[in-house]
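Chains as they are written, first to last, in this note's numbering: chain A, 1 to 134; chain B, 1 to 134; chain C, 1 to 134.
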Amino acid sequence: MLKKVSLTTQFNDVVNITDEIKKIVKESGIKEGVCHVYNPHSTAGLTSTSFWDPNGWLDLQDEICRLIPTRIDFKHQHDTPQDAAAHIKSSLLGISMSFIIDSGELLVGSSQGIFFLEFDGPRNRHYFVKVIAG
Amino acid sequence: MLKKVSLTTQFNDVVNITDEIKKIVKESGIKEGVCHVYNPHSTAGLTSTSFWDPNGWLDLQDEICRLIPTRIDFKHQHDTPQDAAAHIKSSLLGISMSFIIDSGELLVGSSQGIFFLEFDGPRNRHYFVKVIAG
Amino acid sequence: MLKKVSLTTQFNDVVNITDEIKKIVKESGIKEGVCHVYNPHSTAGLTSTSFWDPNGWLDLQDEICRLIPTRIDFKHQHDTPQDAAAHIKSSLLGISMSFIIDSGELLVGSSQGIFFLEFDGPRNRHYFVKVIAG
């Protein structure tokens, strides 16, 4: 089963997509298997971090922006510096995640959330969720 | 086949879990397929690096701690600074890995080890290994 | 279906392997499923970034080398400093990627390329592509 999910992001956004993915897994009816989540945008990423405190999500973007500064002297000058940095952030954070499905539920830790990372924005975005029995 | 493996970690630990995962793949009896490894903790991660020299594992934690310092001025103040930094390290290093199974063996390079990264600790931890034929 | 692909890299190379992987997926004849790509070298990695401008690939290596400098004072002294740094880069960027196959095609974004990251080199290298129906 393959689902395409749309979302709208803000600038340098961190969007909690955990509940959406849990819902898709439940609706699939698959009891044991794997769930693949995929982001098709080269200025966005996917990751997991603690979901309890939205302030922690701000720290995550702060740290990513500190590690890969939006400098004007990238060799890549075809896009904006924001985009040039975003391509590297996407590369570093990753664009796909794989989860285990156990007894019909997405297996995630009690503090783990799944997040869509926007490194540009605001933008209309989407991601894909594939659920496989096995 | 889904297995839950327990381990005890030290502070900022790097635990070699390669042999455990190889053993689970062998015991599954699956000849061709995929092996998913999943860490459910938001202050831990999973990665691969050379397994030959434990000093290299110390360098790995040193570099992760240098990249994401345990500073006291994170926006997230609900947990300790160690935890706030750990959530970001977990996000950056990743929490799941996928391996190919070929002729009944886990396909890994001759220098590659699989490691559980503890960004807090000492703690009782666990991770999941799912083996699928295909 | 499991394929081993050989390539020759330059020092700190970024090799676009997108077309090769798309071709393997097409040749597999699998219409719906998952494609796993795996790098077995502990001084190399796999990632995705925008494929439009090769200058952006240079920025990617520049940033990785800036984040993990090739310093001579690593605790790991068994290999060269280039190798010691490369093990950490491989750990940070990752060694495996999972893609969705939709209607017989690799599902990737219109700007996304798949890249083999060489953190040493020049070297003879290889990677594996496994295609599974599901």
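In this text, a Cβ means the ideal position worked out from N, Cα and C, and glycines have one as well. Given the structure is predicted, the values throughout are model-derived calculations rather than measurements.
- Chain order gives the chain A residues near B/Gly-94 as Gly-94, where near means a beta carbon separation below 7 Å.
- For the stretch 18-48 of chain C, the beta-carbon criterion of a distance under 7 Å to any beta-carbon of chain B is satisfied by His-36, Tyr-38, Pro-40, His-41 and Ser-42.
- When only Cα atoms are considered, A/Ser-110 and A/Phe-51 end up about 9 Å apart.
- CA-CA distance, B/His-76 to A/Asp-53, rounds to 7 Å.
- With a threshold of 16 other beta carbon atoms within 10 Å, A/Lys-4 falls short and is exposed.
- Around the CB of A/Arg-71, fewer than 16 other CB atoms lie within 10 Å, so the residue is classed as exposed.
- Here B/Asp-19 is exposed: its Cβ has fewer than 16 other Cβ atoms, across all protein chains shown, within 10 Å.
- Between C/Phe-116 and C/Arg-125 the beta-carbon gap is near 7 Å, inside 8 Å, which marks them as a contact.
- Non-local C-beta neighbours of A/His-36 in its own chain, meaning closer than 7 Å and more than five positions away in sequence, comprise Ser-96, Ser-98 and Lys-130, ordered along the chain.
- Gly-134: these are the residues of the stretch 123-134 of chain B whose beta carbon lies less than 7 Å from some beta carbon of chain C, given in chain order.
- Distance check between B/Phe-11 and each of B/Val-108, B/Ile-68, B/Gly-113 and B/Ala-44 places B/Ala-44 closest, using alpha-carbon atoms only.
- Close to A/Ile-114, with beta-carbon spacing below 9 Å, lies no residue of chain C; the smallest spacing is near 15 Å.
- Below the 7 Å Cβ cutoff, chain B contributes Ile-68 and Ile-88 as neighbours of A/Glu-63, in chain order.
- The alpha-carbon separation between B/Met-1 and B/Ser-28 amounts to approximately 7 Å.
- Counting along the chain, C/Asp-102 sits inside the beta strand (DSSP E) bounded by residues 96-102.
- Look at A/Leu-60: its C-beta is not under 9 Å from any C-beta on chain C.
- With distances taken between CA atoms, B/Val-14 lies nearest to B/Asn-55 out of B/Pro-81, B/Ile-30 and B/Asn-55.
- Within the model, the alpha-carbon separation for A/Leu-67 versus A/Gln-61 is close to 10 Å.
- Here B/Arg-66 carries a helix assignment [DSSP, helix/strand/coil].
- For C/Leu-2, no CB of chain A lies under 9 Å from its own CB, so it is not counted at the interface with that chain.
- A/Glu-105 carries a strand assignment under DSSP once its states are collapsed to helix, strand and coil.
- Comparing C-alpha distances from C/Asp-83 to each of C/Glu-105, C/Pro-122, C/Ile-101 and C/Ile-132 shows the shortest one belongs to C/Pro-122.
- Collapsing the DSSP output to three states places A/Glu-27 in a helix.
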